[in-house]
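Enquirer:
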């Protein structure tokens, strides 16, 4: 088998809150041998507002007019103009970014940062696999909530163009009823609207068609399995809307349970239980509907976690996922999930796209400057191990 492209989520080599800046992480990822990267929206936002990016803009003055830095400086100038023009009004001009309302200046600066990061990735030999995540976009009951979600979705398209990617990852909503509905057809109609917006943007602005990959989070309010996500993708029936298959979110729901001793919900699930049926169904998916494959393992928590409560309303699987994920093959560190079986099922479906690591863990918050290099190395070794296991 020809080796697939190896990719990794930019957060998975170090947390920005620990001082691990996006450019340094990208250099570590490239040095480890990766072919592509998923850009974390938070990483991009932090970089856009950093002194490091400001210094790059200051240095762009002597650059050729068509250089990425010069383009970024022009965009930043547009941001300053937008800010100045709004200063005469009571409130700044209001637009949206991934998180909600923002000023036109903030959005323009993010686009400038995206242009810089896209250029840096190209210089390092990294393709930008996607921008992610966009949260809580589907199932909104009120027109106002749906309009706000739609504005957030549409705000990503120019950012993606600047980065040089055509794939946006959207994960299932964490907001439950009554503000959201779990009705599959209702949700599919909203997802179809977003896909139509993405197609229309590409038609009007040129370039590749923008695709949206929909992922089920194992703790989603209404959609917490890949089958539920795929049902909505199928009902929406748009060529540029597809499925994200994530090993952790699938196995954390269908194999593991952090609230039980040993963290395994059903020891025989792989042989004759629900997981076996799920993997068989994955192997029969149309390959063209799988837009992204994300990979990672995990260790059990030190002790079974308590279910969500008033003291900590976060679902147990969410708490577990943020602290205890591991790279593939790290059995000496406690990895225990049947990751090779999951990958074999996806390969059997005919998927030939990139294999991308997505890991969240407490150790990513270590402030040591060597963390990005260490995590990049471990992640790449994990993918090599997984490739060998599934050949």
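In our numbering, the protein residues as written are 2 to 392. For every residue, glycine included, the Cβ atom is placed at its ideal position computed from N, Cα and C.
Take residue 328 as the anchor and find which of 25, 181, 375 and 360 has the nearest alpha-carbon.
Expert: 360
Enquirer: Where do the ends of the beta strand (DSSP E) carrying residue 1 lie?
Expert: The shown model of the chain, from 2 to 392, leaves out residue 1, and the question about it has no answer.
Enquirer: Suppose you measure from the CA of residue 399 to the CA of residue 132; what does that come to, to the nearest Å?
Expert: In the structure as shown, the chain begins at 2 and stops at 392. Residue 399 is therefore absent and cannot be evaluated.
Enquirer: Who are the Cβ neighbours of residue 29 in its own chain at under 7 Å, not counting the five residues just before and after it?
Expert: 14, 373, 374 and 377
Enquirer: Here's the rule: buried if 16 or more other CB atoms are within 10 angstroms of the residue's CB, otherwise exposed. What is residue 216?
Expert: buried
Enquirer: State the beta-bridge partners of residue 357 as determined by DSSP.
Expert: 8 and 295
Enquirer: Can you say whether residue 295 is buried or exposed, counting buried as having 16 or more other CB atoms within 10 angstroms of its CB?
Expert: buried
Enquirer: Whole angstroms is fine: what's the gap from residue 17's alpha carbon to residue 106's?
Expert: 22 Å
Enquirer: In angstroms with no decimal places, state the Cα-to-Cα distance between residue 210 and residue 155.
Expert: 14 Å
Enquirer: Just checking my contact of residue 317 with residue 303 at CB under 8 Å: how many whole Å lie between their CB atoms?
Expert: With a Cβ gap of about 14 Å, residue 317 and residue 303 do not count as contacting.
Enquirer: Would you list, in sequence order, the uninterrupted alpha helix (DSSP H) runs of no fewer than 4 residues that lie entirely inside the region 183 to 248?
Expert: 185 to 206 and 227 to 237
Enquirer: When we look at the beta-carbon of residue 95 and count the other beta-carbons within 10 Å, is it buried (16 or more) or exposed?
Expert: A residue is called buried when at least 16 other Cβ atoms come within 10 angstroms of its Cβ; residue 95 does not meet this threshold and is exposed.
Enquirer: What are the boundary residues of the beta strand (DSSP E) that residue 96 is part of?
Expert: 95 to 97
Enquirer: Just verifying my parser: in three-state terms, what is the DSSP assignment at residue 167?
Expert: coil
Enquirer: Can you give the Cα-Cα distance for residue 241 and residue 281, rounded to whole angstroms?
Expert: So the two alpha carbons sit approximately 25 Å from each other.
Enquirer: Just to confirm my understanding: we take residue 277, look at its own chain, exclude 5 residues before and 5 after, and list those with CB closer than 8 Å. What are they?
Expert: 270 and 271
Enquirer: From this set, 333, 164 and 337, which residue's C-alpha is nearest residue 301's C-alpha?
Expert: 337
Enquirer: Per DSSP, what kind of secondary structure is residue 341 in: helix, strand or coil?
Expert: helix
Enquirer: Return the chain-ordered list of same chain residues with a C-beta closer than 6 Å to the C-beta of residue 147, the five sequence neighbours on each side being excluded.
Expert: 141
Enquirer: DSSP three-state label for residue 41, please.
Expert: strand
Enquirer: Leaving aside the five residues before and after residue 233 along the sequence, list all residues of the same chain whose C-beta is less than 8 Å from its C-beta, in chain order.
Expert: If the five residues before and after residue 233 are omitted, its C-beta is found closer than 8 Å to the C-beta atoms of 139, 185, 188, 189, 192, 215 and 224, all from its own chain and listed in chain order.
Enquirer: List the whole-angstrom C-beta distance separating residue 48 from residue 384, where the pair is believed to meet the contact cut-off of C-beta under 8 Å.
Expert: No, residue 48 and residue 384 are not in contact; Cβ-Cβ is about 26 Å, not under 8 Å.
Enquirer: With distances taken Cα to Cα, identify the nearest neighbour of residue 392 among 345, 364 and 382.
Expert: 345
Enquirer: Between the C-alpha atoms of residue 31 and residue 120, what's the straight-line distance to the nearest angstrom?
Expert: 14 Å
Enquirer: Reducing DSSP to helix, strand and coil, say where residue 264 ends up.
Expert: If DSSP states are grouped into helix, strand and coil, residue 264 belongs with the helices.
Enquirer: Please confirm whether residue 213 and residue 169 have their CB atoms less than 9 Å apart.
Expert: yes
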